[in-house]
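I have placed the structure first, in the form of structure tokens, so that the comments after it can refer back to it.
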Amino acid sequence: MKRYVLLSILILSLVLTGCSQGSKPVVENSQVPQKEKLVITDMLGRQVEIPENLQRIATSKYMGHLVYALGKQDKMVHQGLMGETGKGKSKLDPKYAALPAFKNDGSVEEVLALKTQLLFVYADFDQALIKQFTNAGAKVVALKGETLDESYQAVKLMGKILGADQQAEAYVSYCQNTVSNIKDRLKDLPADQKPKVLMAGPKSIYTAATKDMAANSMIETAGGVNVAKDAVGLWAEISPEQLVKWNPDYIFLGSTKGIYGVNDVLNNPALASVSAIKNKKVYIFPSNLGWWDFPAPQSVLGIQWLASTMHGDKFTNIDLKEFTDDYYKNYMGNTYTDLGGKL
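Here it is as structure tokens:
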């Protein structure tokens, strides 16, 4: 009996020992690795720390179009599509129509009242206004686009900020492929078959796009020669005599907002001797939904339109309407036609 009791005690002690060893608390590292903050350098060379969990953004000018192209429009706190594009979108998309709409780019108070975490602006945005937004607590990222390469960089930077790297790469590739196709078709074009081109500004026929503007590279890519390629700045002012001396073969009017039009130019007696006037090769640059000569990736639409207008024999298999509808459907969510676009 004693032996049985002793054996029972021994077994019980072993069990208790085992339980006590097994129940020792496991000490774990309770420190959670901190997510590295995203700090970018914008295209004005400014260091900007991007807010975590970025969900509320605003845009100036055509930056909203880029947000749509990247499929991140759900982060927009306002409508963000300018002019007729925005009007067309409002008719087709009730969710878009319900968003607040700013006049021009909106005031600091309007933008911040929507709890905006970050604002995308063009680099030529009023520097004092950028400072006001920053001082009021908003993050501002400035982007450029006067050349295609700059516009591609802008898209990729926006993609990085919005977590849309793949979408940005795909969009840039689309634009690059479009430009490559145009260049390939025009690569054997002799220099003497490249027409002289004047791109006139939105306010007057006596202004010209210079070598510092996106329009210059657009004209060259489309197989033309910019008559104002030696001028500098934005929309150089010129005299009637200078325009006559340049004698452009084509005149493109840069989205004139109704200030002047094709007939005004064709009927201008001071320009009667100009080749483009005599041959009635004066056109308003598309489009009624938004400027295709604006410094942004969508300017590839303008390049294709320019190339097809000046060298139609090289692009007989490209239907501009179909081409444009596809672009808008892929990157704006609706076709150009459905939004009210006209060529």
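Residue numbers (full-length UniProt numbering): 1 to 343. Using N, Cα and C, we set each Cβ at its ideal position, and we do this for glycine too. Predicted model, so just to flag it, every value in this text is computed and none were measured.
In the pairwise beta carbon analysis, the stretch 80 to 90 is classified as touching the stretch 58 to 65: at least three pairs are separated by under 8 Å.
Counting the other Cβ atoms within 10 Å of the Cβ of L234 gives fewer than 16, which makes it exposed. Among the bridge pairs identified by DSSP, F252 is matched with M199 and Y283.
In this chain, the beta strand (DSSP E) harbouring E49 covers Q47 to E49. The beta carbon of L189 sits closer than 6 Å to those of G223, all from its chain and outside the five residues before and after it, given in chain order.
Beta-bridge partners of Y122 (DSSP): L143. In the three-state DSSP reduction, V232 falls in the coil class, being neither helix nor strand. Under the three-state reduction of DSSP, N247 is assigned to coil, being neither helix nor strand. From the listed residues T335, Y331, D338 and G340, the smallest Cα separation to A69 is found for Y331. Ranked by Cα distance from V197, the options F285, T178, L129 and K89 are led by F285. Nearest C-alpha to G254 among N288, A98 and G333: N288. M213 is not a Cβ neighbour of L306, given a cutoff of 8 Å. Q117 and L66 do not touch by the CB rule: their CB atoms are close to 17 Å apart, not below 8 Å. Around I303, the same chain offers V179, I182, M218, T221 and A222 as residues with beta carbons nearer than 7 Å, after the five sequence neighbours per side are excluded.
Assigned with DSSP and collapsed to three states, I57 falls in strand. Rounded to the nearest angstrom, the gap between the Cα atoms of K95 and Y283 is 36 Å. Setting aside the 5 residues that flank it on each side, V265 is surrounded in the same chain by I205 and V282, each with a C-beta closer than 6 Å to its C-beta; the list follows chain order. Relative to G340, the option among F323, A200, R56 and G86 whose CA is nearest is G86. The alpha carbon of L44 has as its nearest neighbour, out of T207, L301, A142 and V108, the alpha carbon of A142.
In chain order, V172 place their CB closer than 6 Å to the CB of Y152, counting only its own chain and leaving out the 5 sequence neighbours on each side. Around the beta carbon of A128, fewer than 16 other beta carbons sit within 10 angstroms, so the residue counts as exposed. I238 counts as buried, since at least 16 other C-beta atoms from the protein chains shown sit within 10 angstroms of its C-beta.
Per DSSP, T335 is not a residue of any beta strand (DSSP E), being assigned neither H nor E.
Within the DSSP bridge table, the entry for V39 names E49 as partners. Around the C-beta of T316, fewer than 16 other C-beta atoms lie within 10 Å, and the residue is accordingly described as exposed. The beta carbon of V227 lies closer than 6 Å to those of K196, L198, W246 and P248 in the same chain, with the five residues before and after it left out.
Out of L343, N334 and K342, the CA that lies nearest to the CA of K89 is found in N334. A direct Cα-Cα distance of roughly 23 Å separates K211 from K257.
DSSP places M158 in the helix class (H, G or I) of the three-state scheme. The criterion of a C-beta distance shorter than 8 Å is not satisfied by L148 and H311. With a contact defined as Cβ atoms closer than 8 Å, A276 and Y250 qualify at about 5 Å. It is roughly 21 Å from the alpha-carbon of P297 to the alpha-carbon of V140. With fewer than 16 neighbouring CB atoms inside 10 Å of its own CB, S107 falls in the exposed class.
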